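When you line the sequence shown up against the working numbering, it's residues 34 to 424, in that order. Glycine residues also receive a C-beta, built at the ideal position from the N, C-alpha and C atoms. Quantities reported herein were computed from a predicted structural model and do not represent experimental measurements. Some notes on the structure that comes next.
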Amino acid sequence: MNVAATIGFHLVCWSISEAFRNLRNPIQLLMKYSDAELRSLVGRAAPLHQRWDGGIELATGEADDAARLQRWREILSIEGDPDIFAHRLALDGLDLQGCHRLLSTATLANEAPIPVWAWRINAFSHYCWPDEVDKLSSHVEADVDARQLVAGAEDASNCSITTSPTNEYPFEDIWAPFITSAREELHRCAGDALNNLGADAVQTFESQLWATIAYVAALPLSMEFRRFLAKHDPLSILERPAADNSALSHEMYRRFVRHFQGAGLLAFFQEYPVLARRLSKVVGCWVEHVGEFSHRLEVDRAALSELFNQNSDLGPVVNVRIGVSDPHHRRRDVVIATFSCGLKIVYKPKDLGIDEAFWSFIDWFNAQCADGEILPLRMLKVLNRTAYGWV
34 MNVAATIGFH LVCWSISEAF RNLRNPIQLL MKYSDAELRS LVGRAAPLHQ
84 RWDGGIELAT GEADDAARLQ RWREILSIEG DPDIFAHRLA LDGLDLQGCH
134 RLLSTATLAN EAPIPVWAWR INAFSHYCWP DEVDKLSSHV EADVDARQLV
184 AGAEDASNCS ITTSPTNEYP FEDIWAPFIT SAREELHRCA GDALNNLGAD
234 AVQTFESQLW ATIAYVAALP LSMEFRRFLA KHDPLSILER PAADNSALSH
284 EMYRRFVRHF QGAGLLAFFQ EYPVLARRLS KVVGCWVEHV GEFSHRLEVD
334 RAALSELFNQ NSDLGPVVNV RIGVSDPHHR RRDVVIATFS CGLKIVYKPK
384 DLGIDEAFWS FIDWFNAQCA DGEILPLRML KVLNRTAYGW V
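Put into structure tokens, the structure is as follows:
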């Protein structure tokens with residue numbers, strides 16, 4: 034039953050991913066990027082191995098190719114020894130002539146499907162343009178998911194630059210539409226399983242996503258903000274920050290955010306295409322992780338109550354503690370869930386066979402020392418589901 038339910042959850046997530054990939058006509062009506070721009074974005078963000086694996090068209094005879102190759106040579110061979118550079122290329126089966134073309138401007142081939150991450154970036158852009166949603170929604174009649182996309186964008190019209198919950202992350206105001214979009218995608222993926230999480234728990238997960246996005250994009254946004262200041266208030270870069278300049282600084286920041294809530298975001302991603310790909314995948318991994326946790330909690334609720342709470346109902350998860358482990362396997366991490374009954378259970382997204390064996394050994398050891406002369410060691414209960422488990 035658990036295996037079947039888990040497979041069902043992944044099929045739902047897969048179907049949503051396929052919807053982003055296959056619903057070309059309805060989504061294209063919503064596109065802020067044209068098809069050519071989207072393919073250019075994918076091509077520019079493609080890592081080198083994709084460039085020689087196929088599906089990517091490379092320009093030839095560009096004047097910048099030689100400069101890019103020279104820069105690459107300087108990075109890979111600080112000593113200036115051409116043999117070191119050639120040896121490094123040979124490790125990947127390349128030579129100077131072959132890699133010269135790989136550094137050309139890249140575009141996704143017309144016959145290649147646009148990847149899910151690019152469709153997600155394109156969907157994000159509509160949460161930044163709520164004023165056009167009514168006009169666009171009238172063209173979308175045939176597909177439920179496309180209508181949900183429009184409805185989510187309408188909800189995003191309520192997201193202003195004051196909606197961030199903490200104001201502690203750099204440029205977090207810019208990412209409010211991203212959080213709204215991610216929330217909508219999570220609801221479509223997880224469905225009723227999200228009812229197992231209280232509002233505070235959901236907000237904690239969203240704050241984690243907010244912090245991750247802000248961290249990933251902090252350096253390029255800082256550079257763009259400096260450029261924005263230099264363009265609109267050139268003398269400010271020469272002035273020392275002072276308390277009486279705070280109102281002007283806040284106004285410039287708000288203007289910068291408004292710029293990025295419109296056409297500025299599209300231009301920003303064209304300038305930093307790899308960042309666009311990474312941000313999209315961060316959101317996709319977050320949706321998978323939170324949706325998977327919610328679904329597994331729903332499937333295992335009866336077993337958790339029996340093992341950890343003497344068959345009494347645990348109630349919903351009222352709070353979660355996250356960030357207590359390094360993320361792995363598409364950014365999954367440990368979650369310490371606090372239930373309304375007061376019990377805390379640790380969720381680990383990995384096989385707990387080692388934990389199970391260790392605590393079985395401790396249980397055996399306590400049984401050998403049951404004569405009362407030695408105090409028993411503390412035991413932990415483990416519910417191992419092979420791919421994940423609860424402690």
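Shown here, T419 sits in coil according to DSSP, grouped into three states, outside any helix or strand. With respect to A119, R310 sits apart: the two C-beta atoms are not nearer than 9 Å. Shown here, K314 sits in a helix according to DSSP, grouped into three states. Out of R77, F211, C132, the CA that lies nearest to the CA of G317 is found in F211. As the crow flies, the alpha-carbon of N143 is around 27 Å from that of D125. With contacts defined by Cβ atoms closer than 9 Å, A336 and L416 form a contacting pair. T140: member of the beta strand (DSSP E) spanning 139-141, first to last residue. Selection I154, V379, E339, A263 evaluated against G356 yields V379 as nearest (Cα-Cα). Rounded to the nearest angstrom, the gap between the Cα atoms of A420 and D333 is 13 Å. Of R106, E304, T371, the smallest CA-CA separation from R121 is found for R106.
For W85, same chain residues with a beta-carbon under 7 Å away, outside a window of 5 residues either side, are L135 in chain order. Taking C-beta atoms as the reference points, T138 and R77 count as a pair closer than 9 Å.
By the neighbour-count criterion, in which a residue is buried when 16 or more other Cβ atoms sit within 10 angstroms of its Cβ, I108 is exposed.
Fully enclosed alpha helix (DSSP H) runs of no fewer than 4 residues occupy 386-401 of the segment 342-409, in order along the chain. Assigned with DSSP and collapsed to three states, I89 falls in strand.
Taken through DSSP and simplified to helix, strand or coil, L227 comes out as helix.
Nearest to C374 by C-alpha distance, out of V351, A247, R365, A390, is V351. Boundaries of the alpha helix (DSSP H) around D68: 68-78. Cβ contact annotation for P306 (same chain, cutoff 7 Å, sequence separation greater than five): L74, R77, A78, in chain order. Within its own chain, the residues whose Cβ lies closer than 7 Å to the Cβ of I246, once the five positions on either side in sequence are excluded, are W208, F211, L312, V315, listed in chain order. With distances taken between CA atoms, V235 lies nearest to V323 out of V323, A99, D114. For L129, the enclosing alpha helix (DSSP H) covers residues 129-135.
Counting only residues of its own chain and dropping the five nearest sequence neighbours on each side, D384 has a CB closer than 6 Å to the CB of T419.
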